Amino acid sequence: MSKRFPDQLDPWRCADLGKAFSGQLPLDALLRLSACLLKPAGVVNFELIFSRDPQRRAILSGWLKTALSLQCQRCLEEVILPIDIRLSQVFVRGLDEAGLLPESLDPCLVEEEQVTFTDLIEDELLLALPQVAI
């Protein structure tokens with residue numbers, strides 16, 4: 000897919016505008032994730048929706064779907080791990096703000112006023128990896 004996505008974005012502005020992005024990214028473009036994979040081939044399909052909740056917090060919702068090639072630590076053969084993630088995050092500017100959120104909300108720390116578009120996707124995929132693939 001040749002669709003271009005922004006390199007950086009302001010999550011609060013995107014939430015105010017109700018921005019939504021969908022498409023796919025090649026897994027080999029996600030360098031930190033690729034280093035963890037046996038074969039960094041394929042794509043991740045995604046939909047990212049920015050909005051505001053009733054408390055006016057900037058929210059990211061959506062989903063990610065892919066299949067990751069990992070090396071089994073038992074037999075050393077390839078294991079395909081299907082990934083289907085539902086996103087629900089609140090953007091926060093600091094740890095103090097994150098600490099005030101209810102436990103049901105997952106904070107996404109934004110240290111500068113911008114976030115890297117691919118990092119939003121790559122971070123979630125990295126968190127979905129098992130500690131040991133078997």
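All residue numbers for the sequence shown refer to numbering that gives the first Met the number 0, where the first residue is 0 and numbers rise by one. We put the CB at the ideal spot given by N, CA and C, even for glycine. This structure is a prediction, so every number in the text was calculated from the model and none was measured.
is_contact[residue i, chain E] using C-beta, thresh 7 Å
i      : result
Ser-50 : Going by chain labels, chain E is absent from the structure shown, which holds only one protein chain.
Buried versus exposed, by CB contacts within 10 Å (16 or more), residue i
i       : result
Ile-79  : exposed
Leu-75  : exposed
Ile-133 : exposed
Met-0   : Low confidence applies here, because Met-0 scores a pLDDT of 33, under 50, leaving its location unreliable; read the following figure in that light. With fewer than 16 other Cβ atoms within 10 Å, it is exposed.
Leu-8   : buried
Simplified DSSP assignment, three categories, for residue i
i       : result
Ala-40  : coil
Pro-5   : coil
Ala-132 : coil
Cys-13  : helix
Proximity test, residue i beta-carbon vs the ligand NAD heavy atom, cut-off 6 Å
i      : result
Gln-70 : With respect to small molecules bound, the structure shown includes none, and the ligand NAD cannot be examined in it.
Between the CA atoms of residue j and residue i - distance to the nearest angstrom
i       : j       : result
Leu-69  : Pro-81  : 11 Å
Phe-139 : Leu-126 : A question about residue 139 goes unanswered here, because the residues of the chain that appear run from 0 up to 133.
Arg-85  : Phe-4   : 20 Å
CB contact flag (residue i, residue j, <7 Å)
i      : j      : result
Ser-60 : Gly-17 : no
Leu-37 : Glu-96 : no
Ala-57 : Pro-10 : yes
Legend entry - Length-filtered (4 minimum) alpha helix (DSSP H) runs lying within the region 70-120: As for any alpha helix (DSSP H) of minimum length 4 sitting wholly inside the region 70-120, the runs are 94-98, ordered along the chain.
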